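Numbering (the working numbering), first residue to last: 2 to 266. Glycine residues also receive a C-beta, built at the ideal position from the N, C-alpha and C atoms. These numbers were taken from a predicted model, which means no experiment stands behind them.
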């Protein structure tokens, strides 16, 4: 009678266990690159000047001359043709996405509020949707100016070529004018053009922001008609070349109640 091989089942079990352990071990040694988490998108940098070819569509006013200055979470969007200032604070930037709160002024007054969400492409564009009513609604697009590499300098904007900087603001009939000296000191030259700033005296400064094409502006208005517009206004400025070098000062300041802004020439 042939001998029974009582070890055979155990031999097979051991063989199966060894194969199983080998398979588990090998599965831990290989992985697909598709399983890797993608690298996080760095937060966009919106700082700079955005040229006056932007637009706002779908709101109560169609805008096609929108320009903007952005620095230190403040975004000031100006439409000279419509006398609009969108004074915003960027509250969050995550990758290419941003959110902001805006106060929008019409002819220097009548502030309304809105929120915005959109996209920043560093060195290229900003686009977003305003959620509010009237001028506080619509979608906007801004294009980064190719002149952002031209560093701000008081010598570029002091009144040596132009006698003054002036434009109509706040419903004025004639241009409201101020002077910038070689130290960046601002003084009013003529604020008798009518409108909400008639008779105001303007004193302040306009100082270059390092490594940018922008200037920070701080102004005190006094002696305004009825004193209702008196106060400290802050904002940003930059120079633009329309016909001759630095012949336009894009200027926007506000105090939460009123704004003084536009293309000063």
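Start and end residues, beta strand (DSSP E) containing residue i
i	result
residue 64	64 to 72
residue 165	Residue 165 -> no beta strand (DSSP E), and no H or E assigned at all.
residue 232	232 to 241
residue 179	177 to 181
residue 246	Neither: residue 246 is in no beta strand (DSSP E) and is coded neither H nor E.
residue 142	139 to 145
residue 260	260 to 265
residue 189	186 to 191
Residue range of the unbroken alpha helix (DSSP H) whose run includes residue i
i	result
residue 155	155 to 158
Same chain, Cβ closer than 6 Å to residue i, five either side skipped, listed in chain order
i	result
residue 202	189, 223, 224
residue 27	The predicted model places residue 27 with a pLDDT of 46, which falls under 50 and marks its position as unreliable; any figure quoted below should be read in that light. Contacts found: none.
Same chain only: Cβ atoms within 8 Å of residue i, ignoring 5 sequence neighbours per side
i	result
residue 22	Annotation note: pLDDT 49 at residue 22 (below 50); position unreliable, coordinate value reported separately. Cβ neighbours of residue 22 beyond the five flanking positions: none.
residue 256	232, 233, 234, 235
residue 165	178, 179, 180, 190, 191
residue 163	248, 266
Per DSSP, the bridge partner or partners of residue i
i	result
residue 50	70
residue 79	68, 86
residue 209	216
residue 222	203, 232
residue 102	90, 116
residue 253	237, 262
Neighbourhood of residue i by C-beta distance below 7 Å, restricted to the same chain and skipping five residues each side
i	result
residue 52	68, 144, 146
residue 159	181, 182, 183
residue 208	185, 216, 217
residue 243	249
residue 90	74, 75, 101, 102
Notebook entry, point to check: With contact counted as at least three CB pairs below 8 Å, one residue from each stretch, are the stretch 150 to 160 and the stretch 127 to 138 in contact?
Noted result: no
Checklist line | Cβ contact (3+ pairs, closer than 8 Å) linking the stretch 73 to 87 and the stretch 102 to 115 | finding: yes
Check: Is it a yes or a no for the stretch 58 to 73 touching the stretch 227 to 243, going by three-plus beta-carbon pairs under 8 Å?
Finding: yes
Notebook entry, point to check: In chain order, which beta strand (DSSP E) runs of at least 3 residues are fully inside the stretch 107 to 136?
Noted result: 110 to 122, 126 to 132
Next item on the list: Decide if the stretch 193 to 213 is in contact with the stretch 153 to 172; the criterion is three or more beta carbon pairs, one per stretch, under 8 Å apart.
Entry: yes
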